[in-house]
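To start, the structure itself, in structure tokens.
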């Protein structure tokens, strides 16, 4: 289940390994995290695992109960609503500060990747749905990371943690939306990203802010509407 750790910065690497399993829903909300099992699976002692779990607790991924142990933290609907609201404000502010500094070549590459997904004529069957989900999700996350990287790292790291906290529910939302609403409806979401990128390349500040706000706000509203369904996945 886990990749054995062979590097020196154990706390950080174990943190990343466990966090990755949480974000991909391999470790599900409220699942117990047994320190002995994790230590054996990762090939390390208990100490770095304990330290990593403490860091994960600080960042919102784990709950540590002194009596019963550590568990994957389940974010509530209200907490996620707040996180998306803060993301909307903060990422708009990133654009205000950094629109003239963004790498236009990189933005064009993101635009081409989104358009390539848009060129798909139809999406049918579970296998094709999951393939599109993986491709879109990867590009979307890397695009938002690219925007946030324009910030000083001390600020960017905090904003990125908010993005990370939404990854699990966002991926479940994309799968649900493709199954329920269909490909044509989902294409509208991809088109929002294409329009956002075009305005960023042209340094159209107000339009860029409008599109980033539209993107995050619509995602939040849709997730709030189907939260009780997808959060059980």
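Numbering (the numbering used here), first residue to last: 145 to 377. C-beta: ideal position from N, C-alpha, C; glycine also.
Less than 9 Å between the C-beta atoms of residue 193 and residue 166, yes or no? no
At which residues does the beta strand (DSSP E) containing residue 215 begin and terminate? 213-216
Verify whether the separation of the beta carbon atoms of residue 232 and residue 360 is less than 9 Å. yes
Note down the Cα distance separating residue 214 from residue 182, rounded to an integer number of angstroms. 11 Å
Does the distance from the CB of residue 188 to the CB of residue 154 come in under 9 Å? yes
C-beta contact flag for residue 243 and residue 352 at 9 Å: yes
Which residues bound the alpha helix (DSSP H) around residue 166? 154-167
Output needed for residue 285: all residues of its chain with C-beta closer than 6 Å, excluding positions within five of it in sequence on either side, in chain order. none
So which of 346, 310, 275 and 177 has the shortest CA-CA distance to residue 371? 310
Rounded to a whole number of angstroms, what is the C-alpha to C-alpha distance between residue 341 and residue 263? 17 Å
C-beta contact flag for residue 290 and residue 254 at 9 Å: yes
Taking the alpha carbon of residue 241 as the point to measure from, which residue in 300, 306, 185 and 179 has its own alpha carbon closest? 300
From the DSSP output, read off the bridge partner residues of residue 305. DSSP output for residue 305 lists no bridge partner at all.
Residue 209 - partner residues in DSSP beta bridges: 213
Mind checking residue 196: buried by the 16 CB within 10 Å criterion, or exposed? buried
For residue 364, which residues from the same chain have a beta carbon less than 6 Å from its beta carbon, with the 5 sequence-adjacent residues on both sides left out? 228
Looking only at its chain, what residues have a beta carbon closer than 7 Å to the beta carbon of residue 250, apart from the 5 residues adjacent to it on each side? 290
Mind listing, in chain order, the continuous alpha helix (DSSP H) runs of no fewer than 4 residues lying wholly within the stretch 213-300? 221-242, 248-262 and 269-292
When 273, 162, 173 and 261 are compared against residue 179, the one with the closest alpha-carbon: 162
Measuring only the C-alpha atoms, how far is residue 176 from residue 216? 7 Å
Rounded to whole angstroms, what's the CA-CA distance from residue 366 to residue 275? Just pull it up for me. 21 Å
Is residue 343 buried or exposed, if buried means 16 or more other CB atoms sit within 10 Å of its CB? buried
With DSSP run on the structure shown, which of helix, strand or coil describes residue 171? coil
Is residue 330 buried or exposed, if buried means 16 or more other CB atoms sit within 10 Å of its CB? buried
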